[in-house]
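Sequence lines, in order, name chains A and B. Per this note's numbering, residue 63 is the first one in the first sequence, and the count goes up by one each step. Per this note's numbering, residue 6 is the first one in the second sequence, and the count goes up by one each step. Ideal Cβ placement from N, Cα and C applies to all residues, glycine included. As structure tokens, the structure follows; a few thoughts come after it.
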Amino acid sequence: AQKVTQAQTEISVVEKEDVTLDCVYETRDTTYYLFWYKQPPSGELVFLIRRNSFDEQNEISGRYSWNFQKSTSSFNFTITASQVVDSAVYFCALSEAGYSTLTFGKGTMLLVSP
Amino acid sequence: ETGVTQTPRHLVMGMTNKKSLKCEQHLGHNAMYWYKQSAKKPLELMFVYSLEERVENNSVPSRFSPECPNSSHLFLHLHTLQPEDSALYLCASSQRRGQGTVNTEAFFGQGTRLTVV
């Protein structure tokens, strides 16, 4: 069975601080996909990134970066120089190859104060 | 319109009412999903429709009845709900491919906030 664990329930930072959101996953599949979604107060889940299990290259997109480490089954997400607009709930998710159904973690609520 | 749209955004219903949630996707995807998001619980997959056929039902009570008349529309019919069914119901769509191929990401609507009184 698949499982995604986001141990941090809530994180509070002050604007311009860097923050890392942790994600640990479990799966028996050799091919799988990892995702991060952002859920602002409006409710919609906004897709941020998808990684497949064969690509362990870290990725950077503006202030966002992702660190995928297969050896520790982790897919952590770092926001550099956080901003108030980054305040949201962030979800890490996992899916098997060929199927788009997602197993979500419980989410981490990020509060960025001015 | 683009993306995935859900109506209504908010719904309050009594336990004896019958109501329906609607989802429409404008992305040309072939799969649609219903997820339930309750307070302090992970997002739970309820139903999956692929090419208008239900391919997954995650032990959802029969008081929830999905309908997918075409690849762009998905409904969730509700009847005799319980207060514990109060939650945010999210619809999503994706391009579902075969085994061993690239998995595309799912795009979500803004959800319907349901309150059962």
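Buried versus exposed, by CB contacts within 10 Å (16 or more), residue i
{"i": "residue 59 (chain B)", "result": "exposed"}
{"i": "residue 33 (chain B)", "result": "exposed"}
{"i": "residue 71 (chain B)", "result": "buried"}
{"i": "residue 125 (chain A)", "result": "exposed"}
{"i": "residue 9 (chain B)", "result": "buried"}
Through-space distance from residue j to residue i, alpha-carbon basis
{"i": "residue 105 (chain B)", "j": "residue 93 (chain A)", "result": "Bear in mind that the predicted position of residue 105 (chain B) carries a pLDDT of just 48, short of 50, making it too unreliable to give a figure here."}
{"i": "residue 96 (chain A)", "j": "residue 117 (chain B)", "result": "26 angstroms"}
{"i": "residue 85 (chain B)", "j": "residue 66 (chain B)", "result": "11 angstroms"}
{"i": "residue 189 (chain A)", "j": "residue 45 (chain B)", "result": "What the structure shows of chain A is the stretch from 63 to 176, and residue 189 (chain A) is not part of that stretch, so it cannot be assessed."}
{"i": "residue 123 (chain A)", "j": "residue 98 (chain A)", "result": "13 angstroms"}
{"i": "residue 166 (chain A)", "j": "residue 157 (chain A)", "result": "9 angstroms"}
{"i": "residue 41 (chain B)", "j": "residue 107 (chain A)", "result": "13 angstroms"}
{"i": "residue 87 (chain B)", "j": "residue 75 (chain A)", "result": "38 angstroms"}
{"i": "residue 18 (chain B)", "j": "residue 24 (chain B)", "result": "8 angstroms"}
{"i": "residue 75 (chain B)", "j": "residue 29 (chain B)", "result": "10 angstroms"}
{"i": "residue 112 (chain B)", "j": "residue 79 (chain A)", "result": "29 angstroms"}
Terminal residues of the beta strand (DSSP E) in which residue i lies
{"i": "residue 113 (chain A)", "result": "108-114"}
{"i": "residue 59 (chain B)", "result": "58-62"}
{"i": "residue 28 (chain B)", "result": "23-30"}
{"i": "residue 171 (chain A)", "result": "170-175"}
6 angstroms Cβ shell around residue i - same chain, five flanking residues per side excluded
{"i": "residue 101 (chain B)", "result": "35, 36, 55"}
{"i": "residue 90 (chain B)", "result": "121"}
{"i": "residue 65 (chain A)", "result": "88"}
{"i": "residue 22 (chain B)", "result": "none"}
{"i": "residue 130 (chain A)", "result": "113, 118, 137"}
Residue(s) in a DSSP beta bridge with residue i
{"i": "residue 117 (chain B)", "result": "B:94"}
{"i": "residue 158 (chain A)", "result": "A:94"}
{"i": "residue 35 (chain B)", "result": "Bridge partners of residue 35 (chain B): none, in fact."}
{"i": "residue 150 (chain A)", "result": "A:172"}
Own chain, CB closer than 7 angstroms to residue i, minus 5 neighbours either side, in chain order
{"i": "residue 148 (chain A)", "result": "141, 172, 174"}
{"i": "residue 69 (chain A)", "result": "84"}
{"i": "residue 69 (chain B)", "result": "51, 81, 83"}
Cutoff 8 angstroms; reference residue i; Cβ partners in own chain excluding five residues on either side
{"i": "residue 16 (chain B)", "result": "24, 26, 117, 118, 119, 120"}
{"i": "residue 61 (chain B)", "result": "50, 52, 53"}
Residue i CB to nearest heavy atom of the ligand NAD below 7 angstroms
{"i": "residue 164 (chain A)", "result": "Looking at this structure, you won't find the ligand NAD or any other ligand, since it has none at all."}
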